[in-house]
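Quick notes on the structure that follows.
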Amino acid sequence: MIRLRHPFVATLAGAVGLMAVVAAGRLPPSRTAVPDRPWIGFSGTVDSSRFFPNSQITRENVSRLEVAWTYPYSDTGFTPVVAHGVVYGRGRNGALVALDAKTGAEIWVREDMQGMTVRGLNYWESEDGGDRRLLFAMQDYLQAIDARTGEIIRSFGDDGAVDLREGLGRDPASIGRIQSGTPGQVFENLIILGSATGEGYLSPPGDIRAFDVITGRKVWQFHTIPHPGEFGYDTWPPEAYKYVGGANAWGELTVDPERALVFVPTGSPTYDYYGADRHGANLFGTSILALNARTGERVWHFQLVHHDLWDFDTSAAPQLTTIRHNGVRRDVVAVAGKTGFLYVFDRDTGEPIWPIEERPVPVSGVPGERSWPTQPFPTNPPPFSRQTFSEDDINPYPNLSPEERAAFRERVRGARNFGLFTPIDFVDTIHIPGSNGGALFGTTAAEPDSGIVYVIGQDNPGILRLLRPEEGRGGPGGLTPGQAIYQRECQQCHGADRRGTQEAPTLIGITDLLDEAEIRTTIREGMGRMDPFPHLTDAEIDDILAFLRTPPAAGGGRGRAAGPATTFPPGPVVGSGGARQRTGPGPARGTFIPYPDGVPDTPRYVIDSYGTIGIHMKPPYTTITKYDLNIPAIVWQVGFGDHPELAALGMKGTGMPQMRNGAVVTDTGLYFAAGGDNKIRAYDTRDGSVLWAADFAGTFRGSPVMYAVDGRQYLLIPAAGNRLQAGNQPAPTAPEAGPLGYVAFALPE
Numbered sequence: 062m063i064r065l066r067h068p069f070v071a072t073l074a075g076a077v078g079l080m081a082v083v084a085a086g087r088l089p090p091s092r093t094a095v096p097d098r099p100w101i102g103f104s105g106t107v108d109s110s111r112f113f114p115n116s117q118i119t120r121e122n123v124s125r126l127e128v129a130w131t132y133p134y135s136d137t138g139f140t141p142v143v144a145h146g147v148v149y150g151r152g153r154n155g156a157l158v159a160l161d162a163k164t165g166a167e168i169w170v171r172e173d174m175q176g177m178t179v180r181g182l183n184y185w186e187s188e189d190g191g192d193r194r195l196l197f198a199m200q201d202y203l204q205a206i207d208a209r210t211g212e213i214i215r216s217f218g219d220d221g222a223v224d225l226r227e228g229l230g231r232d233p234a235s236i237g238r239i240q241s242g243t244p245g246q247v248f249e250n251l252i253i254l255g256s257a258t259g260e261g262y263l264s265p266p267g268d269i270r271a272f273d274v275i276t277g278r279k280v281w282q283f284h285t286i287p288h289p290g291e292f293g294y295d296t297w298p299p300e301a302y303k304y305v306g307g308a309n310a311w312g313e314l315t316v317d318p319e320r321a322l323v324f325v326p327t328g329s330p331t332y333d334y335y336g337a338d339r340h341g342a343n344l345f346g347t348s349i350l351a352l353n354a355r356t357g358e359r360v361w362h363f364q365l366v367h368h369d370l371w372d373f374d375t376s377a378a379p380q381l382t383t384i385r386h387n388g389v390r391r392d393v394v395a396v397a398g399k400t401g402f403l404y405v406f407d408r409d410t411g412e413p414i415w416p417i418e419e420r421p422v423p424v425s426g427v428p429g430e431r432s433w434p435t436q437p438f439p440t441n442p443p444p445f446s447r448q449t450f451s452e453d454d455i456n457p458y459p460n461l462s463p464e465e466r467a468a469f470r471e472r473v474r475g476a477r478n479f480g481l482f483t484p485i486d487f488v489d490t491i492h493i494p495g496s497n498g499g500a501l502f503g504t505t506a507a508e509p510d511s512g513i514v515y516v517i518g519q520d521n522p523g524i525l526r527l528l529r530p531e532e533g534r535g536g537p538g539g540l541t542p543g544q545a546i547y548q549r550e551c552q553q554c555h556g557a558d559r560r561g562t563q564e565a566p567t568l569i570g571i572t573d574l575l576d577e578a579e580i581r582t583t584i585r586e587g588m589g590r591m592d593p594f595p596h597l598t599d600a601e602i603d604d605i606l607a608f609l610r611t612p613p614a615a616g617g618g619r620g621r622a623a624g625p626a627t628t629f630p631p632g633p634v635v636g637s638g639g640a641r642q643r644t645g646p647g648p649a650r651g652t653f654i655p656y657p658d659g660v661p662d663t664p665r666y667v668i669d670s671y672g673t674i675g676i677h678m679k680p681p682y683t684t685i686t687k688y689d690l691n692i693p694a695i696v697w698q699v700g701f702g703d704h705p706e707l708a709a710l711g712m713k714g715t716g717m718p719q720m721r722n723g724a725v726v727t728d729t730g731l732y733f734a735a736g737g738d739n740k741i742r743a744y745d746t747r748d749g750s751v752l753w754a755a756d757f758a759g760t761f762r763g764s765p766v767m768y769a770v771d772g773r774q775y776l777l778i779p780a781a782g783n784r785l786q787a788g789n790q791p792a793p794t795a796p797e798a799g800p801l802g803y804v805a806f807a808l809p810e
């Protein structure tokens, strides 16, 4: 059997070559030799640690970083991978490109790759290095490309593609989306994948699957909604596996290669906020799973939220580190949740390192709902995000006007507010840290041998309520087709009233500001912080456009702010498109697919979020937290970025709302992170102080990448444009403030 030859094995040869470089006197005194090191996958290594050893960039010389090369790239959140001196990323018009990692020069370009995995791809090579592959999903097909040539590998799957909609126990034609926006993990000869199932009623299940990287053959499949006879089946209604969706791994996976374990964080079952059709604890929703990476067998699990009614998906990469506990070194896995808790388990057994207590929580009063009476509360370490919100937490600063503050105070006084696990009801309910709060994908990192874990946490609470179907307007279930799709796909970021949130711009008047073709392209390909939606059919986009043309209730948003234009160079095009495109009719419109025969129908309550609280909460809005799990304790916590309006008043460290931008940690005591204020910063890991920063013209959506080639270490930053202004944020940084595109920093030659 062909075994993975991980590119790390090349570091020894690279180190030998570097000795000659040093001996020849070609390294400047500002830096020392560093072995070649790739960045494989979304988080750099299969253990997802984002940790870079043998760093030549130190606390003493980080201030000397300079731009080594730049490359304009398409407006998505794609995180490149680097292997054998080649950067693989996105380029003009959604192209997949191979770049020289030392200069940014194009090696090959594959045009028209819209619809591929938005946040990155996976790299694999054979033991002899002769077969090198890029693996990714595109329009719900798993595909492979020759990394050297950019050509499709037609021997993979069925003429180059594997249909990910098949084998899930549902009609593939009914599945609107399944590929995750985040790439999976490669282990040996397998690519292990999660999925993005959608948020609506009767979405597909979130099975975890592994495929052979050579043939595309499915090797194993784990049912996150158990089938009859499987462990956890009794935590659901008997027929749930036929109609309940979600419980999916749409975020990051982590592999312990020595143990052949893959750690899988899962999300909530659907519908996220109402579970009358899924009575029970609902294993393996909102859980951490440890699976045998070769067979898919369950080794252990822990459910972080029972019968999730809050969209408390677990998507951040589980972090592997070693701690000293009761005088003994223990290998642990630390899982950061949207709840704001960091859960820590023995890596082999799943035993909590510190007690996790089942505590009573408020009970839902919504008809048909049977909320779970208790929820897990870790006793250690302390949480990294705020878990309560009251009038005392309302923003006292000038970026909230007195009138806004007074009106919001009245809303908070009238809302249901019983803490972290307050079930959403038909009246205003405080939801904290929020469905986009706590930790999400791209927000964790670790020092593997020292018990140190870093978490980027976001306080993003909301005021939510459930809507009865009759409260909607027309169409099946009281909703127009476009409104149903908007609620399923768009509302969480843009708000129920379309006025925008701290995460996303207002959509009021968007059809007057942008032409129809531009809106369609944005929906399909994404823009700035917005993910693409390649699974939506033309008819569904027509429905969304019709809904967006409908005037909302009185009031207005803040419009848009134009961002910098990007000019793409010509390049060596080797082909166009993927191996397979989706054809035929799309899935049924809206969310009102009927239940299977014999399953009682359930009212399709949906959420009305009014947008999130955002800047109504006093800062910091986003934080970086360093944990020492040997103690266990928070070593430091700092505000991540500066809110421009407050920075103008002399207030620093207020935190700037941001989306899952990732970080890199070095063994020389540096933590690099890209903030929502369009700055990349290097923090001193001893105390969280900022040692270096650089401004960018665009927002960050991909993760920072660090690699080394020919003795030189590079920090590569994906910075895209941001054409639309968020509803509760000032305009993005001006173009003259810094570079745009892929920007590689390095110490001077």
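Under our numbering, think of the first position of the sequence shown as 62, with each following residue one higher.
A virtual CB, placed ideally from N, CA and C, is assigned to each residue, including glycine.
Nothing here was measured: the structure is a model prediction, and the numbers come from that model.
Please determine if the stretch 339-356 and the stretch 295-306 are in contact, where contact requires at least 3 C-beta pairs separated by less than 8 Å.
-> yes
Ile584: buried (16+ other C-beta within 10 angstroms of its C-beta) or exposed?
-> buried
Does the stretch 322-329 come within contact of the stretch 110-130, defined as at least 3 CB pairs closer than 8 Å?
-> no
My understanding is that Gly499 touches Gly518, with C-beta atoms under 8 Å, so please give their C-beta distance in whole angstroms.
-> 6 Å
In the structure shown, what three-state DSSP assignment does Pro266 receive?
-> strand
Same chain, Cβ closer than 8 Å to Tyr304, five either side skipped, listed in chain order | Leu263, Asp338, Tyr656, Pro657, Val660
Report the three-state DSSP secondary structure of Thr477 (helix, strand or coil).
-> With the sequence shown as reference, residue 477 is identified as Arg, and Thr is not the correct amino acid for it. Residue state, collapsed to three classes: strand.
Can you name, in chain order, every residue of its own chain whose Cβ lies under 8 Å from the Cβ of Thr440, other than the five neighbours on each side?
-> Trp415, Pro416, Ile417, Glu418
Assigned exposure category for Asp232 - 16 Cβ within 10 Å defines buried | exposed
Inter-residue spacing [alpha-carbon to alpha-carbon] between Val147 and Ser764 | 17 Å
Alpha carbon of Gly346 to alpha carbon of Ala310, nearest angstrom = 10 Å
Can you tell me whether Asp333 is buried or exposed, with buried defined as 16 or more other CB within 10 angstroms of its CB?
-> buried
Identified DSSP bridge partners for Gly307 | Pro266, Pro330
Closest residue to Ile101 among Phe363, Glu167, Arg193, Phe701 (Cα-Cα distance) | Arg193
Same chain, Cβ closer than 6 Å to Tyr335, neighbours up to 5 away in sequence not counted | Tyr666
DSSP three-state call for Glu419: helix, strand or coil?
-> strand
By how many angstroms is the C-alpha of Lys279 removed from the C-alpha of Leu196?
-> 14 Å
At least 3 beta-carbon pairs within less than 8 Å: the stretch 361-381 vs the stretch 454-470 | no
Backbone CA spacing between His362 and Phe103 [nearest angstrom] = 24 Å
Label Asn497 either buried or exposed according to how many other C-beta atoms from any shown protein chain fall within 10 Å of its C-beta, with 16 as the threshold for buried.
-> buried
Using the rule of at least 16 other Cβ atoms within 10 Å of the residue's Cβ for burial, across every protein chain shown, is Pro463 buried or exposed?
-> exposed
Look at the alpha carbon of Thr541 and the alpha carbon of Asp489, and state the distance between them as a whole number of angstroms.
-> 24 Å
Helix or strand or just coil, what does DSSP make of Pro705?
-> helix
Compute the Euclidean distance between the alpha carbons of Gln175 and Gln204, then round it to the nearest angstrom.
-> 13 Å
Using a Cβ-Cβ cut-off of 6 Å (strictly less than) and excluding sequence neighbours within five positions of Ala397, which residues of its own chain qualify?
-> Ala377, Leu403, Ala500, Thr505, Val516
Quick one: measure Cβ to Cβ for Asp728 and Leu381, integer angstroms, because I've assumed they're closer than 8 Å.
-> 16 Å between Cβ atoms; not a contact.
Which partner residues of Val394 appear in the DSSP bridge assignment?
-> Leu381, Phe406
Have a look at the DSSP bridge pairing and note the partners of Asp815.
-> The chain is shown only over 62 to 810; residue 815 falls outside these bounds and no answer can be derived.
Compute the distance between the beta-carbons of Glu664 and Leu707, then report whether it is under 8 Å.
-> In the sequence under discussion, the amino acid at residue 664 is Pro, which differs from the Glu named in the question. No, the Cβ-Cβ distance between Pro664 and Leu707 is not below 8 Å.
Could you tell me which of Pro244, Leu225, Gly165, Val634 sits nearest to Gly181, measuring between CA atoms?
-> Pro244
Roughly how many whole angstroms lie between the Cα atoms of Pro537 and Gly543?
-> Summary for Pro537: the model assigns pLDDT 38, below 50, so the residue's position carries little reliability, and this model does not support an answer.
Quick one: measure Cβ to Cβ for Arg447 and Pro494, integer angstroms, because I've assumed they're closer than 8 Å.
-> 6 Å
Classify Phe701 as buried or exposed, calling it buried when 16 or more other Cβ atoms lie within 10 Å of its own Cβ.
-> buried
If I'm right that Gly716 touches Thr683 with Cβ under 8 Å, what's the distance once you round it to whole angstroms?
-> 4 Å
Work out the CA separation of Asp453 and Asn254 for me, nearest whole Å.
-> According to the sequence provided, residue 254 is Leu. The question's Asn does not apply to it. Roughly 43 Å separates the two Cα atoms.
Range covered by the alpha helix (DSSP H) that runs through Asp603 = 599-610
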